[in-house]
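J.: Starting off with a structure, shown below.
In the numbering used here, the protein residues as written are 399 to 703.
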């Protein structure tokens, strides 16, 4: 059956719109260089590559293990995992999920973020809601609306995100300390996540790796690898945003990019806050996280090899 001229015209217009809305991330945020740095600095490239847990309904799902420590050991695999939210996990994924022996999932999101996007987990897995920040007014979830309305510039997005990262180890240190204790002292494999698996999850990962004596530059490389694993998701978000500018002309694409990716300056804001407020990572671990040398040796013995 032949299509009418109007139908053909409409198809061509829609195809043109979809093609024009394909967006590629710039090199600093596409993650390729970060992943190569991780392979170069992380030791065994095969072990680093094997850290990624591929499932159809998750993004940025990784084993925290596999990285070399400063004293020549390796962070033990199969004990601590990180991911994005698990609201799209399907029953067909449960077998692969359970094969990792994950006993507890720690959800770092706020109540507002969880609403309508609750984790879907096997019944044998314990769920713990352990938010990093308190957000009774729903400001984090409302940020998306502010960006769509063009209320946030690229510079504001950078400044807000950097402050979020520094506040994690100053304003919100109590919650972070509690979460770190639960994760690192668990006798069974655990997983933690936020919404996208890059910001709060990235901060917690950086702190755990610091406790386990991983070099700071390697920790930064690992943090930046989120851009590699989330590249397709970020490009899809930017594509939708580009199309959305038809009805939201004030939408700032650069701000969307900042909020859809990670930047080295963000995790450096966390480390800078630790260095300036507490005198460095070592006193921070001992005095603020409450991990004395004896307790740390126990953790290193259990979580490195």
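In this text, a Cβ means the ideal position worked out from N, Cα and C, and glycines have one as well. Please read all numbers here as calculations on a predicted model, not as lab measurements.
Just how far apart, CA to CA, sit residue 541 and residue 470?
T.: C-alpha separation (whole angstroms): 42 angstroms.
J.: Please report the distance separating the alpha-carbon of residue 478 from that of residue 651.
T.: Cα-Cα distance, rounded: 35 angstroms.
J.: With the cut-off set at 8 angstroms, would you say residue 620 and residue 423 are in Cβ contact?
T.: No, they are not a contact pair.
J.: Please check the pair residue 601 and residue 627, which I expect to be a contact at CB under 8 angstroms, by giving their CB distance rounded to whole angstroms.
T.: Between residue 627 and residue 601 the Cβ distance is about 17 angstroms, and since that is not below 8 angstroms, they are no contact.
J.: On the criterion of 16 or more Cβ atoms from any shown chain inside 10 Å, does residue 527 qualify as buried, or is it exposed?
T.: It is exposed - the Cβ of residue 527 has fewer than 16 other Cβ atoms within 10 Å.
J.: Name the residue from 567, 624, 681, 610 whose alpha carbon lies nearest to the alpha carbon of residue 667.
T.: Closest option to residue 667, Cα to Cα, is 567.
J.: Would you say the segment 549-563 touches the segment 434-452, given that touching needs at least three Cβ pairs under 8 angstroms?
T.: No contact exists between the segment 549-563 and the segment 434-452.
J.: Keeping to the same chain, check which residues put their C-beta closer than 6 angstroms to that of residue 598; ignore five residues upstream and five downstream.
T.: The residues are 506, 530, 592.
J.: Since residue 581 is in the alpha helix (DSSP H), which residue starts that stretch and which ends it?
T.: 571-582 is the span of the alpha helix (DSSP H), which, as asked, contains residue 581.
J.: Considering only C-alpha positions, which residue in the set 511, 584, 425 is nearest to residue 697?
T.: Measuring from the Cα of residue 697, the nearest candidate turns out to be 584.
J.: Thinking C-alpha only, which one of 480, 513, 670, 520 is nearest residue 581?
T.: Here the closest residue by C-alpha is 480.
J.: Can you tell which of 438, 657, 561 has its C-alpha closest to the C-alpha of residue 346?
T.: Residue 346 lies beyond the range of the chain shown here (399 to 703); nothing can be said about it.
J.: Going by DSSP in three states, residue 588 sits in which element: helix, strand or coil?
T.: Strand.
J.: Can you look up residue 422 in the DSSP assignment and give me helix, strand or coil?
T.: Three-state DSSP puts residue 422 in coil, outside helix and strand.
J.: Just to confirm, are residue 693 and residue 436 a CB contact at a threshold of 8 angstroms?
T.: No.
J.: Excluding the five sequence neighbours on either side, which residues of its own chain have a C-beta within less than 8 angstroms of the C-beta of residue 691, listed in chain order?
T.: Closer than 8 angstroms at the Cβ level, and outside the excluded window around residue 691, lie 684.
J.: Touching or not, the segment 451-468 and the segment 485-498, by the rule of three or more beta carbon pairs under 8 angstroms?
T.: Yes, the segment 451-468 is in contact with the segment 485-498.
J.: Throw me the rounded Cβ distance for the residue 686 and residue 571 pair, which I believe falls under 8 angstroms.
T.: So it is a contact: roughly 6 angstroms between Cβ atoms.
J.: Secondary structure at residue 593, three-state DSSP: helix, strand or coil?
T.: The answer is coil: DSSP assigns residue 593 none of H, G, I, E or B.
J.: Alpha carbon to alpha carbon, how far is residue 701 from residue 642?
T.: Spanning the two alpha carbons is a distance of roughly 46 angstroms.
J.: Taking 7 angstroms as the line, does the beta carbon of residue 641 fall inside it for any heavy atom of the ligand SAH?
T.: As presented, the structure is devoid of all ligands, the ligand SAH included, so that no description of it is given.
J.: Please state if the CB of residue 676 and the CB of residue 682 are separated by a distance shorter than 8 angstroms.
T.: It is a contact, given that the beta carbons lie within the stated cut-off.
J.: Check each candidate in 460, 472, 429 and name the one with the smallest Cα separation from residue 611.
T.: Closest option to residue 611, Cα to Cα, is 472.
J.: Please name the residue in 688, 671, 660, 703 whose C-alpha comes closest to that of residue 429.
T.: The option with the nearest alpha carbon to residue 429 is 660.
J.: Under the three-state reduction of DSSP, which class applies to residue 455: helix, strand or coil?
T.: Here residue 455 sits in coil by DSSP.
J.: Which same chain residues, not among the five before or five after residue 468, have their C-beta less than 8 angstroms away from its C-beta?
T.: These residues qualify, in order along the chain: 611, 612, 613.
J.: Select from 609, 657, 655, 678 the residue whose C-alpha is nearest the C-alpha of residue 695.
T.: Residue 695 has its Cα closest to that of 609, out of 609, 657, 655, 678.
J.: Where do the N-terminal and C-terminal ends of the alpha helix (DSSP H) with residue 603 fall, by residue?
T.: It spans 598-609 - the alpha helix (DSSP H) in which residue 603 sits, taken as one unbroken run.
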